[in-house]
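What follows is a short report on a single structure.
Number of protein chains: 2
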Amino acid sequence: MTQPIDIPVSKIEILKSELPKNCWTQDIDIIAPHLTEWRDKYFGKTPLMLTPRCTQDVSDAVKLCAEHRISIMPQGGNTGLVGGNTPMGEVLITLKHMTRIREINTTANSLIVEAGAVLQNVLDAADAENRKFPMTLSSQGSCTVGGVLSTNAGGNHVLKYGTTKELVFGVEAVLPNGDIFNGLTNLRKDNTGYDLNRLFLGAEGTLGIITAASLKLFPKPKYVQRALIGLDSVEAAISLLEDFRAGGRLAMFEVMPAIGYHAVIDGFDSIRDPFDTSYAWYLLCDWEVESEAEGMTLAENILGKAFEAKKVLDAVIAQNETQAADILSIREHMSAGQKFLGGSVKHDITVPIDKIPEFFRLADAKMQEVVPGCRPVGFGHFGDGNIHYNIAQPEGADKKEFLANWDALSQPIFDICDALGGSISAEHGIGTMKFDDLAQRASPTKYALLKAIKRAIDPERIMNPRVMV
Amino acid sequence: MTQPIDIPVSKIEILKSELPKNCWTQDIDIIAPHLTEWRDKYFGKTPLMLTPRCTQDVSDAVKLCAEHRISIMPQGGNTGLVGGNTPMGEVLITLKHMTRIREINTTANSLIVEAGAVLQNVLDAADAENRKFPMTLSSQGSCTVGGVLSTNAGGNHVLKYGTTKELVFGVEAVLPNGDIFNGLTNLRKDNTGYDLNRLFLGAEGTLGIITAASLKLFPKPKYVQRALIGLDSVEAAISLLEDFRAGGRLAMFEVMPAIGYHAVIDGFDSIRDPFDTSYAWYLLCDWEVESEAEGMTLAENILGKAFEAKKVLDAVIAQNETQAADILSIREHMSAGQKFLGGSVKHDITVPIDKIPEFFRLADAKMQEVVPGCRPVGFGHFGDGNIHYNIAQPEGADKKEFLANWDALSQPIFDICDALGGSISAEHGIGTMKFDDLAQRASPTKYALLKAIKRAIDPERIMNPRVMV
Numbered sequence: 001m002t003q004p005i006d007i008p009v010s011k012i013e014i015l016k017s018e019l020p021k022n023c024w025t026q027d028i029d030i031i032a033p034h035l036t037e038w039r040d041k042y043f044g045k046t047p048l049m050l051t052p053r054c055t056q057d058v059s060d061a062v063k064l065c066a067e068h069r070i071s072i073m074p075q076g077g078n079t080g081l082v083g084g085n086t087p088m089g090e091v092l093i094t095l096k097h098m099t100r101i102r103e104i105n106t107t108a109n110s111l112i113v114e115a116g117a118v119l120q121n122v123l124d125a126a127d128a129e130n131r132k133f134p135m136t137l138s139s140q141g142s143c144t145v146g147g148v149l150s151t152n153a154g155g156n157h158v159l160k161y162g163t164t165k166e167l168v169f170g171v172e173a174v175l176p177n178g179d180i181f182n183g184l185t186n187l188r189k190d191n192t193g194y195d196l197n198r199l200f201l202g203a204e205g206t207l208g209i210i211t212a213a214s215l216k217l218f219p220k221p222k223y224v225q226r227a228l229i230g231l232d233s234v235e236a237a238i239s240l241l242e243d244f245r246a247g248g249r250l251a252m253f254e255v256m257p258a259i260g261y262h263a264v265i266d267g268f269d270s271i272r273d274p275f276d277t278s279y280a281w282y283l284l285c286d287w288e289v290e291s292e293a294e295g296m297t298l299a300e301n302i303l304g305k306a307f308e309a310k311k312v313l314d315a316v317i318a319q320n321e322t323q324a325a326d327i328l329s330i331r332e333h334m335s336a337g338q339k340f341l342g343g344s345v346k347h348d349i350t351v352p353i354d355k356i357p358e359f360f361r362l363a364d365a366k367m368q369e370v371v372p373g374c375r376p377v378g379f380g381h382f383g384d385g386n387i388h389y390n391i392a393q394p395e396g397a398d399k400k401e402f403l404a405n406w407d408a409l410s411q412p413i414f415d416i417c418d419a420l421g422g423s424i425s426a427e428h429g430i431g432t433m434k435f436d437d438l439a440q441r442a443s444p445t446k447y448a449l450l451k452a453i454k455r456a457i458d459p460e461r462i463m464n465p466r467v468m469v
Numbered sequence: 001m002t003q004p005i006d007i008p009v010s011k012i013e014i015l016k017s018e019l020p021k022n023c024w025t026q027d028i029d030i031i032a033p034h035l036t037e038w039r040d041k042y043f044g045k046t047p048l049m050l051t052p053r054c055t056q057d058v059s060d061a062v063k064l065c066a067e068h069r070i071s072i073m074p075q076g077g078n079t080g081l082v083g084g085n086t087p088m089g090e091v092l093i094t095l096k097h098m099t100r101i102r103e104i105n106t107t108a109n110s111l112i113v114e115a116g117a118v119l120q121n122v123l124d125a126a127d128a129e130n131r132k133f134p135m136t137l138s139s140q141g142s143c144t145v146g147g148v149l150s151t152n153a154g155g156n157h158v159l160k161y162g163t164t165k166e167l168v169f170g171v172e173a174v175l176p177n178g179d180i181f182n183g184l185t186n187l188r189k190d191n192t193g194y195d196l197n198r199l200f201l202g203a204e205g206t207l208g209i210i211t212a213a214s215l216k217l218f219p220k221p222k223y224v225q226r227a228l229i230g231l232d233s234v235e236a237a238i239s240l241l242e243d244f245r246a247g248g249r250l251a252m253f254e255v256m257p258a259i260g261y262h263a264v265i266d267g268f269d270s271i272r273d274p275f276d277t278s279y280a281w282y283l284l285c286d287w288e289v290e291s292e293a294e295g296m297t298l299a300e301n302i303l304g305k306a307f308e309a310k311k312v313l314d315a316v317i318a319q320n321e322t323q324a325a326d327i328l329s330i331r332e333h334m335s336a337g338q339k340f341l342g343g344s345v346k347h348d349i350t351v352p353i354d355k356i357p358e359f360f361r362l363a364d365a366k367m368q369e370v371v372p373g374c375r376p377v378g379f380g381h382f383g384d385g386n387i388h389y390n391i392a393q394p395e396g397a398d399k400k401e402f403l404a405n406w407d408a409l410s411q412p413i414f415d416i417c418d419a420l421g422g423s424i425s426a427e428h429g430i431g432t433m434k435f436d437d438l439a440q441r442a443s444p445t446k447y448a449l450l451k452a453i454k455r456a457i458d459p460e461r462i463m464n465p466r467v468m469v
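Read top to bottom, the protein sequences are chains L and C.
The numbering of the first sequence is full-length UniProt numbering, which starts it at 1 and goes up by one.
The numbering of the second sequence is full-length UniProt numbering, which starts it at 1 and goes up by one.
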């Protein structure tokens with residue numbers, strides 16, 4: 001693990017004296033919310049928080065930091081999950097004052113927005129133009145565009161639209177030397193050199209600071225047909241994928257195990273179970289269609305076929321928006337619902353889709369070896385091979401004692417991922433949390449390439465030096 | 001322009017003595033077809049052609065070249081259009097002996113194939129599994145996967161599926177030091193570091209040699225509805241885009257001007273005009289649907305609305321596969337048909353979609369200033385903002401004399417692209433042809449980044465040193 005950063009007071013004084021007064025703060029009350037994160041897993045410190053108002057402000061600040069070799073950590077909505085957004089001595093730079101939507105182009109289907117804009121505002125702006133920006137995350141009301149892009153966030157719509165990376169034409173970014181890279185295009189084709197824009201996406205702020213982005217908009221589907229399905233196995237879920245996605249309408253394929261499902265139903269008064277019986281697994285699907293009638297026909301056809309093939313035990317086809325929202329609510333509370341099960345060791349992994357059943361066989365067995373009685377809750381975006389494989393403590397166990405097993409539980413999971421050709425980080429990223437894991441588990445060739453790129457663009461390691469690589 | 005390469009004979013002798021006999025040739029008859037390209041625009045030379053049989057062969061050869069600082073040019077199907085595939089003294093390395101499809105996974109919808117495989121074979125293999133690999137190019141019968149990926153080829157399906165870059169899970173590539181990078185995943189989510197795979201896509205062989213790739217397959221649409229539409233202006237074409245793409249079914253949106261259209265109709269006996277009248281512009285559309293009935297209903301609805309809005313003058317909805325093939329044939333012969341107009345100066349540019357009409361106004365006028373009487377033939381993928389803006393010689397002019405104006409005609413086009421926020425290379429790439437243009441027209445910040453990445457990964461400039469950057 002990389003060490004905390006210690007910046008001499010004299011350097012901080014230079015920043016304070018050279019930068020405009022509205023571009024920095026040392027006010028503890030203002031800074032405090034930026035130093036911890038919502039799960040209270042990381043607590044940080046910073047000698048100074050930069051508060052730029054525009055791209056030029058960011059450039060000026062970074063130039064000065066580069067000149068004096070001052071480490072910087074950029075922060076968006078502070079909703080990250082891997083410690084990549086909690087400073088440990090770095091100068092913190094928050095983009096929260098840069099929130100403007102600069103341009104919407106409904107012919108090119110593009111939207112240019114500053115990095116500090118909250119995702120929900122982008123979703124609303126697209127919607128107002130009868131367009132869809134296909135990114136839904138539980139944190140969409142507080143996460144920012146810059147953070148979403150820097151972490152290559154996933155979410156529920158990856159299946160149809162891809163991860164964040166696929167949803168971006170290009171970015172404006174301030175490089176570690178303070179220069180401004182302008183990739184704010186809306187061109188769907190541009191073969192003039194390496195894909196520089198792409199480098200900044202998912203780079204977790206280690207190659208520069210994304211200050212704005214040109215996002216891809218899509219035609220808004222006229223109707224979304226939702227269904228919730230009861231299954232007897234995870235194999236059954238995977239076996240449905242091919243028929244469900246035929247026609248390219250499938251936009252969500254989320255799977256939940258009984259233990260997680262019932263924790264939500266039992267724990268939250270506002271949420272009810274649309275089924276009378278309990279099933280081992282639950283599958284939530286969305287199809288994006290052009291009319292309510294088309295949605296109903298499609299769902300009935302697809303599910304009818306699945307019933308006949310005995311792959312499905314029960315199903316609820318949402319009849320209206322309220323029912324659809326109620327069903328989605330169960331899935332959206334899966335993370336929160338796990339608190340009712342006590343302490344939880346969380347993983348965000350991918351395996352090849354056809355290896356998901358094998359993953360569960362191997363991982364479930366291994367977890368029992370490490371902590372007998374622990375309760376795996378593996379749910380999430382199975383259509384993308386992405387499992388949030390969380391391990392709840394054994395019933396009645398001591399939470400703190402259980403959480404002390406974090407690494408002992410995680411390393412075998414990562415081993416299984418590696419063996420199955422999976423990834424130890426599907427959508428949350430590396431941050432500080434998996435810094436050592438990446439170093440140890442990436443192939444030497446891959447790791448050397450990562451380091452070569454970091455060195456090429458940030459030779460002084462000014463940008464987020466404790467993060468990723 | 002970069003200079004030809006001169007490799008001392010002693011170094012070539014080292015390669016010959018150290019590498020297996022079946023991994024190189026100096027046979028002139030075997031090498032000759034690799035030294036020129038189909039338009040006879042570039043003629044090259046090479047002291048040695050490497051003919052590896054497997055990835056390890058490539059690695060061994062590149063390691064040796066790195067050790068002795070021998071420049072290498074990789075070549076696929078030799079269908080490139082920007083001089084990036086014609087050696088001028090480099091050791092040539094052809095991937096044509098590496099053609100194996102290593103794996104097809106119909107659950108993950110992925111296909112792993114070696115770089116030398118001809119694109120058509122991949123299309124067929126996907127089709128045999130009831131899958132679609134959405135890449136259609138006029139050269140698909142001879143271009144190879146490695147070349148397609150290295151140039152980030154476009155084609156007719158970009159509108160719905162994106163350029164090549166979007167169709168790739170990852171690559172296996174031999175780096176300039178001979179190390180093998182293995183990115184052959186089928187994971188739709190993997191947030192473990194910078195997007196290394198993406199760096200090799202569109203890199204034109206300057207960062208390493210792609211030896212294999214994991215490609216994304218898609219559900220095969222059950223029916224493709226095609227229509228050909230007569231229009232009075234390019235503005236009309238652009239105004240149709242929104243309604244035509246609603247519902248996400250639109251998979252082709254190709255525009256042709258009367259001059260190019262009639263050159264094809266008049267020039268090729270086998271191709272006939274489905275219309276009785278001539279129109280100023282023609283639009284060819286595909287919608288991917290689930291049944292013939294759905295296709296007909298959709299086309300009739302969309303076109304009916306467009307007729308009512310007086311945006312469309314005439315339309316033919318393909319009634320069967322033969323009609324559909326006949327219509328596509330016109331578009332497919334657009335490049336070839338221009339030979340009937342004499343000499344042609346070709347451009348492959350993009351502008352933001354809403355700027356296409358403005359581009360034509362500016363460019364058409366400017367061309368008349370440079371060569372009075374010249375005949376612009378701007379056609380192509382307008383749904384992506386991509387125009388193949390070719391300038392045919394004035395009627396009766398001397399071909400050679402006209403072609404001497406290549407640069408004088410091109411530079412103003414590039415100026416207009418730059419001014420409109422476009423790109424001087426949409427899908428063909430930079431190669432040697434636009435090496436100087438990129439250097440002069442890219443922003444200093446962008447160009448510095450390109451060079452930094454090249455230097456980081458290929459510090460000795462061994463890989464395709466005369467190409468791109």
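Ideal Cβ positions, reconstructed from N, Cα and C, are used throughout, including at glycine.
None of the values given here were measured: they were computed from a predicted structure.
Min CB distance residue i to chain C below 9 Å
i, result
"L/Ser139", "no"
"L/Thr297", "no"
"L/Ser443", "yes"
"residue 487 of chain L", "In the structure as shown, chain L begins at 1 and stops at 469. Residue 487 of chain L is therefore absent and cannot be evaluated."
"L/Val145", "no"
Through-space distance from residue j to residue i, alpha-carbon basis
i, j, result
"C/Asn405", "L/Ile70", "53 Å"
"C/Val312", "C/Ala306", "6 Å"
"C/Ile453", "L/Ile453", "7 Å"
"C/Leu91", "C/His34", "It should be pointed out that residue 91 of chain C corresponds to Val in this sequence rather than to Leu. Cα to Cα, the separation comes out at about 12 Å."
"L/Val158", "L/Glu427", "10 Å"
"C/Cys23", "C/Ile209", "16 Å"
"C/Gly304", "C/Ile317", "11 Å"
"C/Val9", "C/Pro47", "8 Å"
"C/Ser139", "C/Val467", "22 Å"
Limits of the alpha helix (DSSP H) - the one that residue i falls within
i, result
"L/Leu438", "435-441"
"C/Phe244", "234-245"
"L/Gly267", "258-267"
"C/Thr445", "444-457"
Continuous beta strand (DSSP E) stretch holding residue i: start and end
i, result
"C/Phe181", "180-182"
"L/Leu283", "281-289"
"C/Ala315", "314-317"
"L/Phe379", "375-379"
Cutoff 9 Å: residue i Cβ touching any chain L Cβ
i, result
"C/Glu37", "no"
"C/Met468", "yes"
"C/Lys446", "yes"
"C/Asp179", "yes"
"C/Ala293", "no"
Which of helix, strand or coil DSSP assigns to residue i
i, result
"L/Asp276", "coil"
"L/Gly230", "strand"
"L/Thr144", "strand"
"L/Gly304", "helix"
Would you list, in sequence order, the uninterrupted alpha helix (DSSP H) runs of no fewer than 4 residues that lie entirely inside the region 381-421 of chain C?
Runs found: 399-403, 406-419.
Sequence ranges, beta strand (DSSP E) only - wholly within the region 43-117 of chain L, length at least 3:
List check, beta strand (DSSP E) in window: 72-75, 91-94, 101-105, 110-114.
Length at least 4, wholly inside the region 320-371 of chain L: the alpha helix (DSSP H) runs in chain order:
With a minimum length of 4 residues, the continuous alpha helix (DSSP H) runs that stay inside the region 320-371 of chain L are 321-332, 334-337, 356-370.
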